[in-house]
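Shown next, in structure tokens, is the structure this report addresses.
There are 2 protein chains.
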Amino acid sequence: MAGKQPVAIVFDTFGSVVDWRSSLIADLTAYGTTKGVSADWTALVDAWRAAYHPSMDRVRKGELPWTRLDDLHRTSLDQLVAEFGIKGLNEDDLVHINLGWHRLHAWPDSVLGLTRLKSRFIIGPLSNGNVSLLLNMAKFAGIPWDMIFGSDLFGHFKPDPETYLGVAKMLNLRPDQVMMAAAHNGDLGAARRCGLMTAFFPRPGEYGPHQKRDYEADQDWDIVATDIQDMATQLGV
Amino acid sequence: MAGKQPVAIVFDTFGSVVDWRSSLIADLTAYGTTKGVSADWTALVDAWRAAYHPSMDRVRKGELPWTRLDDLHRTSLDQLVAEFGIKGLNEDDLVHINLGWHRLHAWPDSVLGLTRLKSRFIIGPLSNGNVSLLLNMAKFAGIPWDMIFGSDLFGHFKPDPETYLGVAKMLNLRPDQVMMAAAHNGDLGAARRCGLMTAFFPRPGEYGPHQKRDYEADQDWDIVATDIQDMATQLGV
Chain A
53 MAGKQPVAIV
63 FDTFGSVVDW
73 RSSLIADLTA
83 YGTTKGVSAD
93 WTALVDAWRA
103 AYHPSMDRVR
113 KGELPWTRLD
123 DLHRTSLDQL
133 VAEFGIKGLN
143 EDDLVHINLG
153 WHRLHAWPDS
163 VLGLTRLKSR
173 FIIGPLSNGN
183 VSLLLNMAKF
193 AGIPWDMIFG
203 SDLFGHFKPD
213 PETYLGVAKM
223 LNLRPDQVMM
233 AAAHNGDLGA
243 ARRCGLMTAF
253 FPRPGEYGPH
263 QKRDYEADQD
273 WDIVATDIQD
283 MATQLGV
Chain B
53 MAGKQPVAIV
63 FDTFGSVVDW
73 RSSLIADLTA
83 YGTTKGVSAD
93 WTALVDAWRA
103 AYHPSMDRVR
113 KGELPWTRLD
123 DLHRTSLDQL
133 VAEFGIKGLN
143 EDDLVHINLG
153 WHRLHAWPDS
163 VLGLTRLKSR
173 FIIGPLSNGN
183 VSLLLNMAKF
193 AGIPWDMIFG
203 SDLFGHFKPD
213 PETYLGVAKM
223 LNLRPDQVMM
233 AAAHNGDLGA
243 ARRCGLMTAF
253 FPRPGEYGPH
263 QKRDYEADQD
273 WDIVATDIQD
283 MATQLGV
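Chains as they are written, first to last, in our numbering: chain A, 53 to 289; chain B, 53 to 289.
Encoded structure:
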């Protein structure tokens, strides 16, 4: 990438840095086997993720006070366990399953690419996850963040402007010194409207057979890369 | 250390992890030489640090609204440059000097000890510095924090309970699952009153010839170590 470079790069996390779907399906399937609880874990994971945006919208619309994503996940999980008629899970099991979002694996290029980027830039997640979720995930997956920008630091979920602008303010940077990196065009559009730089890389396998969008860049983002390793190469590190 | 272990360990930073006095004296002396500005930089650094607690007390007492440490430092610096009669510094120079607090070197055992501790525990600074200060310092000194607990996350300076309890809340831990580590008995006393575990190691050279206290532990802290490497050894990592 010729020209202007950012000082900090913040990453969307679920889907962009970590493969939530494959990780959760494997994690829950193994747990179900251990516990002797049978269920269509793949369908549960897909339904759980489908509840993600509607659950955050309840906070955005003021139907709920500020609620951490861990707690939104738990509410959705309880509903889905009932809907799916899954039997035999006690409270400890539900706590463990809910923390499955803390045990997500990175895509193969993520840790290598982020390690390269960290040598020159401040890097962190800017995610709808809460700090504790993102921190446990980083420890689990070996992701070398400099700082964790959880949504609880801002009391807002993306794409609310308070998140993108909150990072810049916290880092004492102008918005155009911060780059948002994501596999989701919508996230980048919101970041660009706040004045941030933008980087896109596709994750065509994020939703498995249910992927519907984000196969390619839909705007002229500052960087369009194949993955985070390629993004590091384009940024010259 | 036999028995209970923490999940997260948070560190006082100025004096405990980094050697602010030697670092700043060397940094400012070199800068003064480059710029042809003569001053008693050692005396300036000592006076600057002496202004630290009184400046935070203005916030605690409500004389000032919440103010980041970078901005308190700048107010104190401007006053001291006038008092010391230092001539020839323009605005860019003052900005650069003020960011000297972002360019502090770690004590020799700090990075090695923290790297060992990071393998088992969540580690972060719990400091009166703001996030951007602590993050730039970590990049400069190679400190491998998992998360940066700057005072601006809580809108409070230590020893206000909101800081110690705020870390536990943000990590979704009980206070007794968090250990405060510091070279300052007062900081540990405040943390213990909030229910945190405690670790002490002395930094007898922190204030150079002006050191007056904290040569040794004044309570039976959960860990009393010689430095952060020894602390890691006592925690079995």
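Yeah, the Cβ is synthetic: ideal placement off N, Cα and C, and Gly gets one too.
With a cutoff of 7 Å on beta-carbon distance, I77 of chain A and T94 of chain A are scored as near each other. Here DSSP, grouped into helix, strand and coil, assigns A269 of chain A to coil. The CB of D204 of chain A comes closer than 9 Å to the CB of M222 in chain B, given here in chain order. Every beta strand (DSSP E) stretch that sits fully inside the region 208–262 of chain B and reaches 3 residues is listed by chain position as 230–234, 249–252. Bounds of the beta strand (DSSP E) holding V62 of chain A are 60–63. Within chain B, the residues placing a beta-carbon under 9 Å from that of D198 of chain A are L187, A190, K191, W197, I200, ordered along the chain.
Of all residues in the region 153–187 of chain B, those with a C-beta nearer than 7 Å to a C-beta of chain A are I174, V183, S184, L187, reading in chain order. Beta bridge pairing from DSSP links A158 of chain B with B:V70. Contact annotation: the region 156–169 of chain A does not touch the region 209–228 of chain A, with fewer than three C-beta pairs closer than 8 Å. Between A103 of chain A and S128 of chain A, the C-beta spacing is below 7 Å. Following the DSSP letters along the chain, one finds P177 of chain A inside the beta strand (DSSP E) bounded by residues 174–177. Rounded to the nearest whole angstrom, the CA to CA distance from E214 of chain B to V276 of chain B is 25 Å.
Minimum Cα-Cα distance from Q263 of chain B among the listed residues B:A251, B:H236, B:W273, B:D274 corresponds to B:H236.
Taken through DSSP and simplified to helix, strand or coil, I77 of chain A comes out as helix. The residue among A:L248, A:R265, A:F209, A:D274 with its C-alpha nearest the C-alpha of H105 of chain A is A:F209. It is roughly 14 Å from the alpha-carbon of I200 of chain A to the alpha-carbon of K170 of chain A. Counting of Cβ neighbours within 10 angstroms places T250 of chain A among the buried residues, the total reaching 16 or more. Here N142 of chain A is exposed, its C-beta having fewer than 16 other C-beta atoms within 10 Å. Linking V230 of chain B to W197 of chain B through their CA atoms gives a straight-line distance of about 15 Å. With fewer than 16 other Cβ atoms inside 10 Å of its own Cβ, W118 of chain B counts as exposed. Listed in chain order, the non-local C-beta contacts of I174 of chain A below 6 Å within the same chain comprise A60, D198, local neighbours out to five positions each way being set aside. A direct Cα-to-Cα measurement between A220 of chain B and G202 of chain B gives close to 14 Å.
Between M189 of chain B and R172 of chain A, the alpha-carbon positions lie close to 14 Å from each other.
In the three-state scheme derived from DSSP, where H, G and I count as helix and E and B as strand, F201 of chain B is classed as strand.
Rounded to the nearest whole angstrom, the C-alpha separation of D79 of chain B and K191 of chain B is 17 Å. In the structure shown, I149 of chain A adopts helical secondary structure according to DSSP, grouped into three states.
The C-beta separation of A193 of chain A from A158 of chain A comes to about 5 Å, placing the pair in contact by the 8 Å criterion.
Nearest Cα to S90 of chain A within the set A:V62, A:K113, A:I138: A:I138.
Take A233 of chain B, set aside five residues on each side of it, and the residues of its chain with a beta-carbon closer than 6 Å to its own are I61, F63, A251, in chain order. Between G260 of chain A and R73 of chain A a beta carbon distance of about 6 Å is seen, short of the 8 Å cut, so the two are scored as contacting. In the structure shown, I275 of chain A falls within a strand segment according to DSSP collapsed to helix, strand and coil. Boundaries of the alpha helix (DSSP H) around A193 of chain B: 183–193.
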